[in-house]
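Engineer: Protein chains in written order, with the working numbering: chain A, 15 to 324; chain B, 2 to 451.
Even for Gly, the Cβ is constructed at its ideal location relative to N, Cα and C.
Just passing along the structure, written as structure tokens.
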Amino acid sequence: MTTATDSITSVTTTPADHLDALESEAIGIIREVVAECRRPVLLFSGGKDSVVILHLARKAFWPAPLPFPLLHVDTGHNFPEVLAYRDETVAATGARLLVARVQDYIDDGRLRERADGTRNPLQTRPLLDAIQSERFDGVIGGARRDEERSRAKERIVSLRDEFGQWDPRNQRPELWRLLNLRHCPGEHLRVFPLSDWTELDVWRYIEREDIALPSLYYAHRREVFSRDGMWLAVTPVTRPREGEKVTTRTVRYRTVGDMSCTGAVDSTAASNHEIAVEVAASTLTERGATRADDRLSESAMEDRKREGYF
Amino acid sequence: MTITPSQSAHPEPKRSAPQPSKTTGLLRLATAGSVDDGKSTLVGRLLVDSKSVLRDQLAAVEQVSLDRGLTHADLALLTDGLRAEREQGITIDVAYRYFATPRRSFILADCPGHVQYTRNTVTGASTADVVVLLVDARHGVVEQTRRHLAVAALLKVPHVVVAVNKIDLVDFSADVYDAIVAELGTAGAELRVTDLRALPTCALEGDNVVHRSSRTPFYRGPALLELLETIPADTTSADGAFRLPVQLVIRPQGAAADGLSDYRGYAGRVAAGSVRVGDEVVVLPSRRRSRVAAIDLADTALTEARAGQSVTLRLADDIDIMRGDLLASAADPPALRRELAARVAWLSERPTRPGDRVLVKHGTRTVQAIITAVDGVLNLDDLTAAPARALALNDIGTIRLRLSEPLPVADYARSRSDGAFLLVDPFDGWTLAAGMVRLDGQRASAPLAA
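Dropping the structure here:
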């Protein structure tokens with residue numbers, strides 16, 4: 015859990031026009047979804063990528079209000095800081111928030127808890143149900159191609175059938191800046207305006223735009239224990255097993271997914287700027303460093319995506 | 002098992018300091034070439050040697066390579082992200098990679114080489130500033146090389162860099178290299194490729210990828226990465242006349258419109274040129290004129306907007322404008338046309354023939370159209386046009402279209418934004434073809450780049 019100091023890309027090397035170009039591209043994509051879909055929706059978890067998209071969407075339609083609701087698929091194992099941030103942000107922006115709860119599905123037997131306790135793969139069913147019942151046809155999400163290698167294969171616009179399936183062999187070609195958003199009844203589109211952003215781009219943009227994030231992204235003291243090379247927090251769903259020693263450390267989170275599978279990293283970075291500097295120097299990817307569910311198998315993400323996962 | 006950085010195997014020759022150049026921050030490149038030419042390995046080498054691969058990614062690749070009994074890490078595994086790709090050892094779909102050096106950021110589209118995936122090469126090349134075309138030194142110029150060179154020429158990709166790869170397998174032969182470069186030069190000239198460069202590489206061991214190799218003394222130019230750092234990014238869209246396809250009309254309504262009931266803005270991304278407050282613009286197809294009263298980027302007022310920027314324009318006059326309209330420089334507007342000739346790269350398994358009804362998506366406007374004629378198809382063996390009655394998957398041909406409504410177009414050779422369009426299947430929305438307008442395109446036998 016150390017962060018090496020040899021810098022690959024220093025924060026100051028990438029000219030500002032790079033961020034401007036990424037911002038303009040993302041705004042253009044978000045506007046196309048609203049123009050061509052009947053019922054668009056933005057997936058909003060309170061994580062940094064969806065926070066950036068919300069920020070971009072507000073810019074895209076300014077001074078008009080957001081022309082779509084937000085949807086959060088709540089695993090029931092979210093960090094309380096993130097849920098508090100989500101609700102504050104929704105209240106401040108006047109957006110409409112829909113919540114699909116994995117816990118509801120477990121309680122009434124439609125889903126069963128997995129042996130390993132992780133709930134990330136369980137999100138697919140509530141997500142697809144919400145898309146179907148609300149008749150959403152354009153689902154905007156914060157996935158980036160640099161996150162994971164099957165993500166690297168995904169187009170900006172991804173057509174899904176009624177089962178939400180992704181067929182990587184049969185994707186629509188994307189030519190020039192002409193996005194083809196046509197679809198048939200029963201189909202929906204997943205749209206990723208941050209496709210060409212890297213984790214560092216996201217942090218540099220958050221710094222530039224002075225966007226506030228959930229507190230657990232910033233360095234704080236927390237009771238943690240080590241498992242599989244990650245610091246897991248002591249929470250109602252992650253408790254130390256025999257031999258796993260609890261210590262209090264100064265840590266922060268690079269992703270804010272499900273508590274059951276998201277680890278913290280040692281860090282004293284307490285501001286957007288300090289985090290951008292730290293990310294630039296990191297020798298580990300954010301998922302490699304902090305997401306246990308992607309380590310399940312070589313194709314974990316691809317398999318979940320084929321089933322309709324984001 | 003570790004990957005040896007090629008630097009240690011082949012010390013970098015001393016050279017003069019890089020020349021300062023006016024590079025922009027972001028370069029888009031696409032790879033092309035036949036299957037097994039080593040594209041994914043080249044990309045992997047580019048990423049590893051430029052230290053753009055993080056420790057956990059490399060560790061994963063090393064582990065899988067070890068599990069398979071390989072003696073060296075298979076760098077293709079860095080980019081072959083799908084299970085089927087790793088199982089079959091081929092690239093199926095475009096993978097996008099992001100890396101940066103102190104001089105520049107790169108977006109790389111790693112495109113598959115199989116004939117059946119040529120449409121992905123078209124996808125990658127349509128936005129590329131540079132196409133990196135791989136040739137296997139043992140096999141020389143093959144049909145896929147010609148096809149991909151033709152695609153790059155057709156799409157007017159400003160720069161093509163040919164990596165004559167696996168040069169180690171022909172004993173670093175200058176003769177083999179020279180013969181391939183000569184043959185490519187002839188093909189490139191026929192296709193009127195504007196800027197074609199070549200270099201010998203061994204992607205597996207890193208020769209001339211990030212570091213110059215001492216094993217290719219016959220080549221005195223820069224390594225691939227140096228070349229990519231200094232090649233100019235396309236600036237033509239910024240030089241052309243102002244174009245903004247209207248995406249949305251922004252009119253705050255209801256309670257949120259408090260104090261904003263007069264706000265009426267036209268949101269869009271500047272496709273070409275630039276516009277300043279006070280400029281006269283024309284709305285197409287209505288041909289109404291007005292002046293730019295304000296340029297908004299959210300709550301920031303701008304005095305000028307340039308190609309690539311997403312903005313919202315307000316106009317001095319209250320005229321009827323909707324999504325699909327084009328705001329253009331009043332001094333230099335595109336022509337409105339209902340009949341088009343176009344070069345197309347056919348991307349669908351459904352063939353086309355005269356009489357087919359399709360949709361044309363141009364800018365933010367989609368209109369109905371009928372394919373009135375198929376004029377010819379490009380023969381990729383000798384790069385000549387041949388008569389044809391239909392176009393099938395991966396064909397590059399010339400067609401004529403009749404449109405239900407006029408579109409503001411220019412020749413693709415003059416303007417990517419005015420000249421590019423999609424053909425879309427009206428039944429299921431599938432993208433059928435990449436289209437490029439040829440206003441002089443009545444001559445079916447004209448050379449590709451004419």
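1) Taking A:I289 as part of the alpha helix (DSSP H), name the residues at either end of that continuous run.
2) Run through DSSP, which three-state label would A:N184 get?
3) On the criterion of 16 or more Cβ atoms from any shown chain inside 10 Å, does A:E50 qualify as buried, or is it exposed?
4) Does B:R270 come within less than 8 Å of chain A when only Cβ atoms are used?
5) Among A:L33, A:E37, A:I154, A:V270, which residue has its Cα nearest to the Cα of A:R204?
6) Output the boundary residues of the beta strand (DSSP E) element that contains B:S291.
7) Using the C-alpha atoms, what's the distance from B:T202 back to B:A389?
8) Relative to chain A, which residues along the segment 142-163 of chain B have a C-beta separation below 8 Å, given in chain order?
9) By how many angstroms is the C-alpha of B:L134 removed from the C-alpha of A:F75?
10) Which residues of the segment 193-207 of chain A have a Cβ closer than 7 Å to any Cβ of chain B? Give them in chain order.
11) Does the Cβ of A:C51 lie closer than 7 Å to at least one heavy atom of the ligand NAD?
12) Return helix, strand or coil for A:H86, following the three-state DSSP convention.
13) Work out the CA separation of B:A190 and B:E350 for me, nearest whole Å.
14) Could you have a look at A:H202 and say whether DSSP puts it in helix, strand or coil?
15) Cβ atoms of B:V410 and B:L392: under 8 Å apart, would you say?
16) How far does the beta strand (DSSP E) with B:A96 in it reach, from first residue to last?
17) When burial is assigned at 16 or more other CB atoms within 10 Å of the CB, is B:K356 buried or exposed?
18) Quick check on B:K362: does DSSP put it in helix, strand or coil?
19) Tell me which residues share the same chain as A:G200 and place their Cβ nearer than 8 Å to its Cβ, disregarding the 5 neighbours each side in the sequence.
20) Any Cβ of chain B within less than 8 Å of the Cβ of A:G42?
21) With distance defined between alpha-carbon atoms, name the residue in A:D63, A:G90, A:L193 nearest to A:I120.
22) Hey, out of A:V291, A:V65, A:P83, whose CA is closest to A:R100's CA?
23) Anything in chain A within Cβ reach of B:D429, meaning under 7 Å, just list it in chain order.
24) What's the call for A:M273, buried or exposed, on a 16-neighbour Cβ count within 10 Å?
25) Which term fits A:M244, buried or exposed, when burial requires 16 or more other beta carbons within 10 angstroms of its beta carbon?
26) How would you list, in chain order, the residues of chain B whose beta-carbon sits under 7 Å from the beta-carbon of A:E161?
27) With 9 Å as the C-beta to C-beta threshold (strictly closer), list the residues of the segment 248-274 of chain A near chain B in chain order.
28) Relative to the C-alpha of A:E37, which candidate in A:D63, A:L246, A:R133 has its C-alpha closest?
29) Among the residues of its own chain, which have a CB less than 8 Å from the CB of B:A101, if the five just before and after it don't count?
30) Got a sec: is the Cβ-Cβ distance from A:K62 to anything in chain B below 8 Å?
31) In the DSSP assignment, find the unbroken alpha helix (DSSP H) run with B:N121 in it and report its ends.
32) Just the chain B side, please: which residues come within less than 8 Å of A:S281 by C-beta, in chain order?
33) Residues of chain A with CB closer than 8 Å to the CB of B:P253, please, in chain order.
34) Near B:A370, which residues of its chain fall below 6 Å by C-beta distance, leaving aside the five closest residues on each side in sequence?
35) For B:Y264, which of helix, strand or coil comes out of DSSP?
36) Please state whether DSSP places A:P135 in a helix, a strand or coil.
Structural biologist: In this structure, then:
1) The continuous alpha helix (DSSP H) containing A:I289 extends over residues 286-295.
2) In the structure shown, A:N184 sits in a helix (DSSP, three-state: H, G or I).
3) Burial call: buried.
4) With 8 Å as the cut-off, B:R270 counts as an interface residue toward chain A.
5) When only C-alpha atoms are compared, the closest one is A:I154.
6) For B:S291, the enclosing beta strand (DSSP E) begins and ends at 289-298.
7) Going by the C-alpha atoms only, they are around 39 Å apart.
8) Within the segment 142-163 of chain B, no residue places its CB atom closer than 8 Å to a CB of chain A.
9) Distance between the alpha carbons of A:F75 and B:L134 is about 41 Å.
10) Considering only beta carbons, the part of the segment 193-207 of chain A lying closer than 7 Å to chain B consists of N194, R196, H197, C198, in chain order.
11) The ligand NAD is not part of the structure shown, which contains no ligands of any sort.
12) Three-state result, A:H86: strand.
13) Their backbone Cα atoms lie some 31 Å apart in a straight line.
14) In the structure shown, A:H202 sits in a strand (DSSP, three-state: E or B).
15) Result no, Cβ atoms of B:L392 and B:V410 do not sit closer than 8 Å.
16) For B:A96, the enclosing beta strand (DSSP E) stretches over residues 96-102.
17) Note on identity: in this sequence residue 356 of chain B is Gly, with Lys being the wrong assignment. By the 10 Å Cβ count, B:G356 comes out exposed.
18) Residue state, collapsed to three classes: strand.
19) By the criterion of a C-beta distance shorter than 8 Å, A:G200 is surrounded in its chain by D175, E176, once the five residues flanking it on both sides are discounted.
20) Yes, because at least one Cβ of chain B sits closer than 8 Å to the Cβ of A:G42.
21) Minimum Cα-Cα distance from A:I120 among the listed residues A:D63, A:G90, A:L193 corresponds to A:G90.
22) The shortest C-alpha separation from A:R100 is found at A:V65.
23) The contacting residues are C198.
24) By the neighbour-count rule (16 or more Cβ atoms within 10 Å), A:M273 is buried.
25) Burial is judged here by how many other beta carbons sit within 10 angstroms of a residue's own beta carbon; A:M244 has at least 16 and is buried.
26) None at all; the shortest Cβ gap to chain B is about 11 Å.
27) Listed in sequence order: no entries.
28) Looking at the Cα atoms, A:D63 is the closest of the given residues.
29) These residues qualify, in order along the chain: S53, F107.
30) Judged by the 8 Å Cβ criterion, A:K62 is not in contact with chain B.
31) Looking at the DSSP string, the run of the alpha helix (DSSP H) that includes B:N121 is 119-127.
32) What A:S281 touches in chain B: nothing, since even the nearest Cβ is about 16 Å away.
33) Within chain A, the residues P77, A78, P79 have their CB atoms less than 8 Å from the CB of B:P253, given in chain order.
34) Close CB contacts of B:A370 within its chain, under the 6 Å cut and outside five residues either way in sequence, are with V359, V361, L402, L404 (chain order).
35) For B:Y264, the three-state secondary structure derived from DSSP is coil.
36) A:P135 falls in the helix class under three-state DSSP.
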